[in-house]
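Chemist: Counting in the working numbering, the sequence shown runs from 28 upward without gaps.
Below you will find the structure I want to go over with you.
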Amino acid sequence: MSRPAARALLLPVLAAWLLAACAGKPPEILRVLWQVTLVDDRELDAHYTAVSLFIRPNDPDGFDDLAELYLINDQEELLWRLDPDTWQKSGSGDSWIGSNGLVLPDGAPLPAGEYRLLLRDLGGESAEQSLQLPAVGLAELERLVPRVEVRAEEIRVQGRGLARQLWLYDARSNYLTIRPLTGDRQPVADLLAAHPQLAGGFRFKIYTASGRQSIGTLSGPYFWEP
Numbered sequence: 028m029s030r031p032a033a034r035a036l037l038l039p040v041l042a043a044w045l046l047a048a049c050a051g052k053p054p055e056i057l058r059v060l061w062q063v064t065l066v067d068d069r070e071l072d073a074h075y076t077a078v079s080l081f082i083r084p085n086d087p088d089g090f091d092d093l094a095e096l097y098l099i100n101d102q103e104e105l106l107w108r109l110d111p112d113t114w115q116k117s118g119s120g121d122s123w124i125g126s127n128g129l130v131l132p133d134g135a136p137l138p139a140g141e142y143r144l145l146l147r148d149l150g151g152e153s154a155e156q157s158l159q160l161p162a163v164g165l166a167e168l169e170r171l172v173p174r175v176e177v178r179a180e181e182i183r184v185q186g187r188g189l190a191r192q193l194w195l196y197d198a199r200s201n202y203l204t205i206r207p208l209t210g211d212r213q214p215v216a217d218l219l220a221a222h223p224q225l226a227g228g229f230r231f232k233i234y235t236a237s238g239r240q241s242i243g244t245l246s247g248p249y250f251w252e253p
């Protein structure tokens, strides 16, 4: 074979190799976490149902290559879109992206059924995974909203529910920690001993589990001041 002929054969092969080397690899959805919550928002004086949805993604081209995350219900023609400007990022080590505020305009529970998760990168490559959300009734969740009484020495919580958590924030609404609530009373002294910076006051919310996986209520914020 002559040199010109060999060169003519080599150029297309080289071009194809370079194109393959430069092409991005598709992202992956490694894990999915979701939760349906009836929010008893005491600041807005409103009840609404929100879905918290977070995924642990992987992109061989780097985390910054991730561009869009969609939650789609094809049957009901519903769509939520998140991007780096709107999604929340959490986790030390493994990164999670998502949102705590996927809601319908009227605050009703999202329709039960199959949803699609679509993760897309800057190059247009994508990964997809299905998700089943259960049927959730507002009446079922509203029965779990607790009665909370804030006193100087203790926080009293009464109502239904198998398990409760206290979500603790400082006076400026910076998140601190989650503590399990055992019984119907939480001594304030125990909270201040663990977090002395809260001596001037703090905010908190109460999460109540329904007994069904990933379904519950979140009530608050409440305020404690010395």
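In this text, a Cβ means the ideal position worked out from N, Cα and C, and glycines have one as well.
Values in this document were obtained by computation on a predicted structure and should not be read as measured data.
Exposed or buried, Gly125, counting other C-beta atoms within 10 Å across all chains shown (16 or more means buried)?
Modeler: As a working mapping, residue 125 is identified with position 98 in the sequence shown. The residue is buried, with at least 16 neighbouring Cβ atoms inside 10 Å.
Chemist: Taking the alpha carbon of Glu167 as the point to measure from, which residue in Ala135, Val184, Gly89, Gln102 has its own alpha carbon closest?
Modeler: For the purposes of this step, residue 167 is identified with residue 140 of the sequence shown, where counting begins at 1. The residue with the shortest Cα to Cα distance from Glu167 is Ala135.
Chemist: Can you pull the DSSP bridge partners for Thr244?
Modeler: Within the sequence shown, numbered from 1, the residue matching residue 244 stands at position 217. According to DSSP, Thr244 bridges with Leu65, Thr235.
Chemist: Note down the Cα distance separating Lys232 from Ala77, rounded to an integer number of angstroms.
Modeler: As a position in the sequence shown, residue 232 is number 205, starting the count at 1. As a position in the sequence shown, residue 77 is number 50, starting the count at 1. In a straight line, the C-alpha of Lys232 is about 15 Å away from that of Ala77.
Chemist: Mind checking which residues open and close the beta strand (DSSP E) that includes Asp148?
Modeler: The residue you call residue 148 lines up with position 121 of the sequence shown. Residues 140-148.
Chemist: Just checking, does the stretch 147-157 make contact with the stretch 190-197 on the three C-beta pairs under 8 Å criterion?
Modeler: Touching, no, given that fewer than three Cβ pairs across the two stretches are closer than 8 Å.
Chemist: Please say whether Trp114 and Leu96 have beta carbons closer to each other than 8 Å?
Modeler: What you label residue 96 is simply residue 69 of the sequence shown in a count that begins at 1. What you label residue 114 is simply residue 87 of the sequence shown in a count that begins at 1. Contact flag set, yes.
Chemist: At which residues does the beta strand (DSSP E) containing Ala94 begin and terminate?
Modeler: Start at 1 with the first residue of the sequence shown, and residue 94 comes out as number 67. Note, Ala94: beta strand (DSSP E), 93-100.
Chemist: If you draw a straight line from the C-alpha of Thr204 to the C-alpha of Ser246, how long is it?
Modeler: Here residue 204 is taken as the residue at index 177 of the sequence shown, counted from 1. Here residue 246 is taken as the residue at index 219 of the sequence shown, counted from 1. Distance between the alpha carbons of Thr204 and Ser246: 16 Å.
Chemist: Which runs of the alpha helix (DSSP H) fall wholly inside the stretch 146-225 and span at least 4 residues, in chain order?
Modeler: Those alpha helix (DSSP H) runs which fall completely within the stretch 146-225 and span 4+ residues are 165-169, 215-221.
Chemist: Look at the alpha carbon of Pro253 and the alpha carbon of Asp197, and state the distance between them as a whole number of angstroms.
Modeler: Reading the sequence shown from its first residue, position 226 is the one you call residue 253. Reading the sequence shown from its first residue, position 170 is the one you call residue 197. Distance between the alpha carbons of Pro253 and Asp197: 13 Å.
Chemist: I'd like the span of the beta strand (DSSP E) that includes Ala77, first residue to last.
Modeler: Translated into positions along the sequence shown, residue 77 becomes position 50. 73-85 is the span of the beta strand (DSSP E), which, as asked, contains Ala77.
Chemist: So if DSSP puts Glu252 in a beta bridge, which residue, or which two residues, is it bridged to?
Modeler: Along the sequence shown, one-based indexing puts residue 252 at 225. Glu252 pairs with nothing; no bridge assigned.
Chemist: Taking the Cβ atom as the reference point for each residue, do Asp88 and Asp148 lie within a distance shorter than 8 Å?
Modeler: Position 61 of the sequence shown, counted from the first residue, corresponds to residue 88. Position 121 of the sequence shown, counted from the first residue, corresponds to residue 148. Contact: yes.
Chemist: For Asp211, which residues from the same chain have a beta carbon less than 7 Å from its beta carbon, with the 5 sequence-adjacent residues on both sides left out?
Modeler: Numbered from 1 along the sequence shown, position 184 holds the residue referred to as residue 211. Same-chain partners within the cutoff: Arg183, Val184, Gln185.
Chemist: Between which two residues does the beta strand (DSSP E) containing Gly11 stretch?
Modeler: A query on residue 11 cannot be resolved here, the shown segment of the chain reaching from 28 to 253 and no further.
Chemist: Can you tell me which residues form a DSSP beta bridge with Phe229?
Modeler: As a working mapping, residue 229 is identified with position 202 in the sequence shown. Beta-bridge pairing links Phe229 to Asp197, Trp251.
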